[in-house]
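In what follows, a structure is listed as C-alpha cells, so that the remarks can point back to it.
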Amino acid sequence: MSAFESISTPAAQPAPAPATAVTVNVGRRHGIIAAVCCLVLAGGGYWEGRVDGSARYEAEHARFETYIADERDKAATEKARQADALRDVQAASDLRAEQSATATTDLQGRIDVYVAQLQRRPVSDRCTLTDADLHGLRDLSPGAAPRARHRPTAAARDTEVVR
1 MSAFESISTP AAQPAPAPAT AVTVNVGRRH GIIAAVCCLV LAGGGYWEGR
51 VDGSARYEAE HARFETYIAD ERDKAATEKA RQADALRDVQ AASDLRAEQS
101 ATATTDLQGR IDVYVAQLQR RPVSDRCTLT DADLHGLRDL SPGAAPRARH
151 RPTAAARDTE VVR
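Following UniProt numbering from start to finish, the sequence shown increments by one per residue and tops out at 163.
Structure representation (C-alpha cells):
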C-alpha cells in the first residue's frame with residue numbers, strides 16, 4: 001500500500017466519535033449565533049449612530065435650505081427695491097425735463113413778448129434801452145438778482161459825452 005492509498009481509504013483513518021462531532025456542530029452554531037448577536041448589538045449602535053448622523057444631516061440640510069430661501073428672498077426684495085428706485089429716478093428725470101422744456105418755452109415766450117414790445121416803438125427808440133428795458137431783461141434771466149441802479153458820480157457826469 002502506498003502512502004496515498006492509506007490516507008484516502010476509510011479504514012486507515014479513525015472514525016470520529018459521535019459526541020465530538022455533535023459538540024463541534026453545536027459550538028459552531030453557538031459561535032455563529034454569538035457572532036450574529038455581537039453584530040446586532042454592535043450594529044445597533046452603528047445604525048443608531050447612522051440614524052443620528054442622518055437626522056443631524058437632515059437638520060443641517062433643512063437649515064441650509066432655509067438660508068438659501070432667505071437669501072433668495074433678500075435678493076428678490078433688493079431687486080424690487082432697486083427697480084422702484086430706478087423708476088423714481090426716471091420719473092424725476094422726466095419731470096425735470098418737462099419742467100425745463102416748460103421753463104424754456106415760458107422764457108422764450110417772455111422774450112418774444114418783450115421783443116414785440118420793443119419793435120412797437122418808433123425807429124429812433126429801438127437802439128436805446130431804458131431803465132425799464134434793463135429791468136425787463138433782468139426779469140427774463142432766471143436766477144438774476146435785482147441790481148441797484150448805477151448813478152454816475154459828479155466827475156463822471158462832467159466827462160460824459162452828450163449825444
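Backbone N, C-alpha and C define an ideal beta-carbon position, used for all residues, glycine too.
C-alpha gap between residue i and residue j, whole angstroms
i, j, result
"Glu78", "Asp94", "24 angstroms"
"Ala102", "Arg81", "The sequence shown places Thr at residue 102, not Ala. The straight-line gap from Cα to Cα measures roughly 31 angstroms."
"Val113", "Leu107", "10 angstroms"
"Leu86", "Ile68", "27 angstroms"
"Gly53", "Glu60", "10 angstroms"
"Asp84", "Asp73", "16 angstroms"
"Glu71", "Glu98", "40 angstroms"
"Ala55", "Ala62", "10 angstroms"
"His30", "Phe64", "49 angstroms"
"Asp109", "Leu118", "Strictly speaking, residue 109 in this sequence is Gly, with Asp absent from that position. If you take the alpha carbons of Gly109 and Leu118, they lie about 14 angstroms apart."
"Thr104", "Ala76", "41 angstroms"
"Ser100", "Ile111", "16 angstroms"
"Ala35", "Glu58", "33 angstroms"
"Arg121", "Ala91", "45 angstroms"
Contact set for residue i: own chain, Cβ-Cβ below 7 angstroms, skip 5 residues either direction
i, result
"Arg96", "none"
"Thr66", "none"
Residues near residue i in its chain [Cβ-Cβ closer than 6 angstroms; skip 5 each side]
i, result
"Val115", "none"
"Val89", "none"
Own chain partners of residue i with C-beta closer than 8 angstroms, once the 5 adjacent residues on each side are dropped
i, result
"Cys37", "none"
Distance cut-off 8 angstroms: residue i Cβ against heavy atoms of the ligand ZN
i, result
"Ala85", "Annotation note on the ligand ZN: not contained in the displayed structure, which lists no ligands."
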